[in-house]
Amino acid sequence: MKRARSIRLQPKLLLGLVAMAAVLAAILAPSIAQLYRARMEEQYASLAFGQASVAADLIDGDRVEQYYRTGEKDAYYEEIHRYLQDVREKLGLKYFYVVVPEDEVMYYIWDAGVPGEDGVCDLGDTDAYYGGGNELMHGAFAVDAEQTILITNNEEYGYLASAYVAILNKAGTPVALASVDISMDMIDQQIRQFLGLTLCVVLAVLLLSIFAYYYYVRRILIRPLRTLHHAAIGLVESKMAALSDFRVEVNTGDELEELAHSFQYMVSELNEYIQNLSRVTAEKERIGAELDVARHIQASMLPCIFPAFPERHEFDIYASMTPAKEVGGDFYDFFLVDDDHLALVMADVSGKGVPAALFMMISKTLLKSAAQSGLSPKAVLEKVNDQLCENNEAEMFVTVWLGILEISTGKMKCANAGHEYPAIMRRGGSFELFKDKHGFVLAGMEGARYREYELELNAGDRLVVYTDGVPEATNASNTLYGTDRMLRALNAAEGGSCRHLLEALHRDVDEFAGGADQFDDITMLCIEMKSSGMKKIRLAPTLEQLPQATDFFEGILAEAGASMKVIAQVNVAVDEIFSNIARYSGATGVVLGCSLKDSKATLRFSDNGRPYDPTEKPDPDTTQSAEEREVGGLGIFMVKKLMDEVTYEYADGSNILTLVKSL
Amino acid sequence: MEIRKEKKASALSMAIEGRIDTTTAPQLETELKADLDGVTELRLDFGQVEYISSAGLRVLLSAQKLMNRQGKMVLTHVSESVMEIFEVTGFSDILTIE
Numbered sequence: 001m002k003r004a005r006s007i008r009l010q011p012k013l014l015l016g017l018v019a020m021a022a023v024l025a026a027i028l029a030p031s032i033a034q035l036y037r038a039r040m041e042e043q044y045a046s047l048a049f050g051q052a053s054v055a056a057d058l059i060d061g062d063r064v065e066q067y068y069r070t071g072e073k074d075a076y077y078e079e080i081h082r083y084l085q086d087v088r089e090k091l092g093l094k095y096f097y098v099v100v101p102e103d104e105v106m107y108y109i110w111d112a113g114v115p116g117e118d119g120v121c122d123l124g125d126t127d128a129y130y131g132g133g134n135e136l137m138h139g140a141f142a143v144d145a146e147q148t149i150l151i152t153n154n155e156e157y158g159y160l161a162s163a164y165v166a167i168l169n170k171a172g173t174p175v176a177l178a179s180v181d182i183s184m185d186m187i188d189q190q191i192r193q194f195l196g197l198t199l200c201v202v203l204a205v206l207l208l209s210i211f212a213y214y215y216y217v218r219r220i221l222i223r224p225l226r227t228l229h230h231a232a233i234g235l236v237e238s239k240m241a242a243l244s245d246f247r248v249e250v251n252t253g254d255e256l257e258e259l260a261h262s263f264q265y266m267v268s269e270l271n272e273y274i275q276n277l278s279r280v281t282a283e284k285e286r287i288g289a290e291l292d293v294a295r296h297i298q299a300s301m302l303p304c305i306f307p308a309f310p311e312r313h314e315f316d317i318y319a320s321m322t323p324a325k326e327v328g329g330d331f332y333d334f335f336l337v338d339d340d341h342l343a344l345v346m347a348d349v350s351g352k353g354v355p356a357a358l359f360m361m362i363s364k365t366l367l368k369s370a371a372q373s374g375l376s377p378k379a380v381l382e383k384v385n386d387q388l389c390e391n392n393e394a395e396m397f398v399t400v401w402l403g404i405l406e407i408s409t410g411k412m413k414c415a416n417a418g419h420e421y422p423a424i425m426r427r428g429g430s431f432e433l434f435k436d437k438h439g440f441v442l443a444g445m446e447g448a449r450y451r452e453y454e455l456e457l458n459a460g461d462r463l464v465v466y467t468d469g470v471p472e473a474t475n476a477s478n479t480l481y482g483t484d485r486m487l488r489a490l491n492a493a494e495g496g497s498c499r500h501l502l503e504a505l506h507r508d509v510d511e512f513a514g515g516a517d518q519f520d521d522i523t524m525l526c527i528e529m530k531s532s533g534m535k536k537i538r539l540a541p542t543l544e545q546l547p548q549a550t551d552f553f554e555g556i557l558a559e560a561g562a563s564m565k566v567i568a569q570v571n572v573a574v575d576e577i578f579s580n581i582a583r584y585s586g587a588t589g590v591v592l593g594c595s596l597k598d599s600k601a602t603l604r605f606s607d608n609g610r611p612y613d614p615t616e617k618p619d620p621d622t623t624q625s626a627e628e629r630e631v632g633g634l635g636i637f638m639v640k641k642l643m644d645e646v647t648y649e650y651a652d653g654s655n656i657l658t659l660v661k662s663l
Numbered sequence: 664m665e666i667r668k669e670k671k672a673s674a675l676s677m678a679i680e681g682r683i684d685t686t687t688a689p690q691l692e693t694e695l696k697a698d699l700d701g702v703t704e705l706r707l708d709f710g711q712v713e714y715i716s717s718a719g720l721r722v723l724l725s726a727q728k729l730m731n732r733q734g735k736m737v738l739t740h741v742s743e744s745v746m747e748i749f750e751v752t753g754f755s756d757i758l759t760i761e
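Keeping their order, the protein sequence lines are chains A and B. Just so it is clear: in the first sequence, position 80 is 80 by our numbering, and no numbers are missing. For our numbering, add 663 to where a residue sits in the second sequence, where the first one is 1.
What follows is the structure in structure tokens.
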């Protein structure tokens, strides 16, 4: 590459130089030749006229008339002939002769040729005119005629300059013409020599110039260019490593040196730019890595282990969040408020990135804490709204759908703060949007009020909540996915678990979007109520409710064909436990559950009162006499004795006592 | 729970029907306290008692303590399930069951 460049430039310059010289020579040579020829012709003409005039003056015109008339030579004729011969030889004239111009031919008087030479005429010979000689001769055949020179160039006589001067008689009448022909053949020869010499000189000068030029150009142009070239290549080969030490030494003192300086300046600017860029890139990478960690923390904040409640068979729940590129503000949440209440949250924080993620964390924490304090959805939203409004200088907001499900009854209280409509499927039916009444978004306006509504979910019913990432997913042609497509996808995926349903929906969204980038987080949650096999009843923990409690269990057991004795024992146990809860737990609600399996009845008591494990109470001494006996502690002791198994656990804010009794 | 009472001089008979549990035990206690003055023989007919819980046992215990001082207390027609409760609680040793 570098060779090609240096070869290409030099021939170009050389060719230009040669062309210039050729043009110069082509213009100069003809004009010089022309000028030279004109000068020489003038010179010869004047010489020819000079000689012709001398001869014309010298020669006696009367004698010429005589010779013309008689054709006789005499001594004077011979004298003149010698004179003419003498002059011709000495002056190197081609021809020197005297003729009388007749109409058609020239009549020779003298012809100063060497006698015997070919074509020399004698007195009385005639010859035809040649090359316009007729007119010129007749023009010159006058007194004081204009001196006109005849230039002829032919094969026979060669290149001639002919001068004619009239010879006068005594009466002053022209009688003959003294004619001189001078050969100008050497003029052509001289011109050729001259041109040859000129060409030689031009060539020599050209060669010299080329040499000089070659070295000059090499020194002032090619070498600096090559230096720049190597510098640039070196720069690239060293992978821009030594930018700060970059130097180009070009000292030509002209534009090339300026170019080298600009090149060096460019490299130093480039260096600075690259350093800036790498600093910025490193910073960006660091932020990127931190954001990645943030996203992980954010994702791990959401409950993501499924099945989420393996011990709960009353419902199936699944949720997923697929974040878009950045950390986003979508979140879902679900948690047991107590043993009988499951809170479901689906929310979307405005905006994206770190601010949205931070706001999401706060919103999620506040919502959970408010919901866990036992507030209703409406109260939760109102409380969290006010809390979020307090210091919301970034003017962010969050849309929330909140539902609190009473597991035992399937009744769900919900409130919607500007969030998407939930989709509900009744058992055996198809999914439809439940167009609930939206309240204002959270953190939008202090003191906002929210409406609460109640849904009842029976076994086999499903509820799907989602964020706008689902209906607002777009494909390559910018078409929205929309809720209609979502409902179709949900209905098409009928059957299977909640997880299966949401995965089918996600696949459908992905297929729709095709290659388009996921613009927003895609977050969804599904809950399905199951028939758990355990019948449940929720009661207020008061003694007045005790008959309902015993009736509940007794009904189930009687239906199952349990003996009176078993029913009596169960009733005693229910009496003991329910009355304990009513009196001492401080609970606000108690849920009774009963299921039958393998001819065993399982009784479940769940209350949200103070944690208390009755199984740890020491057994009373049953051998004491009536006077010594205390009745305290007898109840739970009886339960232990009458039932086959008694177990206690404290979970999700609830005391859960489970009794098992063989039928 | 229903109680039928029959008083002959210093002998009091009470036939109890239904459940003696947390809600009904106070009623039994009230009935007993009202009529035990001067009674030397208390007969409680448990034939129609479905079951008895610890609240009922408490009432029986205090009645037994009282009757220990002024006479005797006898439980009759005790069903199997109620008897089981008396046995596991040791009440079968305290009470007089015929």
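Each residue gets a CB set at the ideal place from its N, CA and C atoms; glycine is no exception.
query = Which residues in the same chain as A/Ala56 place their Cβ atom closer than 6 Å to its Cβ, once the five residues preceding and following it in sequence are excluded?
reply = Val165, Ile167 and Ala178
**Item:** Residue-level contact to chain A via CB, B/Ile748, 8 Å cutoff
**Value:** yes
- Within its chain, find whatever has a CB closer than 7 Å to the CB of A/Gln189; leave out the 5 residues flanking it on each side and keep chain order. none
- prompt: B/Thr754 to A/Gly635, Cα distance in whole Å?
  reply: A small fix is needed here, since residue 754 of chain B is Phe in this sequence, not Thr. Distance between the alpha carbons of B/Phe754 and A/Gly635: 13 Å.
Item checked: Burial state of A/Thr542, where buried means 16 or more other Cβ atoms lie within 10 Å -> exposed
For a contact meaning CB atoms closer than 7 Å, what does A/Gln677 contact in chain B?
Outside the shown range of chain A, which is 1 to 663, sits residue 677 of chain A, and nothing can be said about it.
query: From A/Lys352 to A/Asp521, what distance separates their C-alpha atoms?
result: 10 Å
- Checking contacts by CB at 8 Å: is A/Thr409 closer than that to chain B? no
Exercise for review: Assign B/Pro689 to one of two classes, buried (16 or more other C-beta atoms within 10 Å of its C-beta) or exposed (fewer than that).
Suggested key: exposed
Distance cutoff 8 Å, beta carbons only. Does B/Leu724 sit that close to anything in chain A?
yes
Exercise. When the Cα of A/Glu544 is compared with those of B/Ile666, B/Thr687, B/Gln711 and B/Leu695, which residue comes out closest?
Worked result: B/Thr687
So with CB distances below 9 Å, who are the chain B contacts of A/Leu543?
Thr685 and Thr686
### Beta-carbon contacts of B/Ile683 that lie in its chain and below 8 Å, excluding the five residues immediately before and after
Met664, Leu691, Val712, Tyr714, Ile715, Ser716, Ala718, Gly719 and Val722
**Prompt:** Who are the near neighbours of A/Glu446 in its chain, counting only those whose CB is closer than 7 Å to its CB and skipping five residues on each side?
**Reply:** Asp386 and Cys389
- Query: If you draw a straight line from the alpha carbon of A/Arg538 to that of B/Gln733, how long is it in whole angstroms?
  - Reply: 47 Å
Applying the criterion that 16 or more other CB atoms from any shown protein chain within 10 Å of the CB defines a buried residue, is B/Ser744 buried or exposed?
buried
So which residues on chain A does B/Ser673 lean against when the C-beta distance must stay under 8 Å?
-> Within chain A, no residue comes near B/Ser673; the closest Cβ sits about 21 Å away, beyond 8 Å.
- Does DSSP put A/Leu663 in a helix, a strand or coil? coil
Residue from A/Arg485, A/His341 and A/Lys368 with nearest C-alpha to A/Ala347
A/Lys368
| field | Rounded C-alpha distance that separates B/Phe749 from B/Ala697 | value | 25 Å
Give the residues of chain B in contact with A/Lys565, contact being defined as C-beta atoms less than 8 Å apart. Glu743, Ser744 and Glu747
**Prompt:** Less than 8 Å separating the beta-carbons of A/Leu592 and A/Ala549?
**Reply:** yes
Cβ shell of A/Ala394 (< 8 Å), same chain only, five flanking positions each side left out | Pro355 and Phe359
(request) Step through the CB atoms of chain A and report whether any lies within less than 8 Å of the CB of B/Gly753. (result) yes
### Query
So what's B/Glu747 in DSSP terms, helix, strand or just coil?
helix
Original post:
Which whole runs of the beta strand (DSSP E) in the stretch 106-187 of chain A are 3 residues long or more, in chain order?
Top reply: 126-128, 149-154, 158-168 and 174-183
Backbone secondary structure at A/Arg3 - three-state DSSP = Any reading at A/Arg3 needs caution, since the residue's pLDDT is 47, under 50, leaving its predicted position unreliable; the model's value is listed next. Helix.
- Message: So for A/Leu13, helix, strand or coil by DSSP?
- Response: helix
Whole-number beta carbon distance between A/Leu557 and A/Ala492, since they are thought to touch under 8 Å | Their Cβ separation, rounded to whole angstroms, is 44 Å, which puts A/Ala492 and A/Leu557 out of contact at 8 Å.
Query raised in the report: Secondary structure at A/His665, three-state DSSP: helix, strand or coil?
Result: The structure shown does not extend to residue 665 of chain A, since chain A is modelled only from 1 through 663, so no value can be given for it.
Item checked: Burial state of B/Met736, where buried means 16 or more other Cβ atoms lie within 10 Å -> buried
Margin query: Under 8 Å, CB to CB, which of the residues in the stretch 700-715 of chain B have a partner in chain A?
Written below: Glu713, Tyr714 and Ile715
Go through its chain and collect everything with a Cβ distance to A/Arg295's Cβ below 7 Å, but skip five positions before and after it. Pro323 and Val327
Exercise. Going straight from the alpha carbon of A/Asn153 to that of A/Thr126, what length do you get?
Worked result: 21 Å
C-alpha gap between A/Val236 and A/Ala29, whole angstroms:
54 Å
Nearest by alpha-carbon distance to A/Glu616: which of A/Ser300, A/Thr647, A/Asp86 and A/His419 is it? A/Thr647
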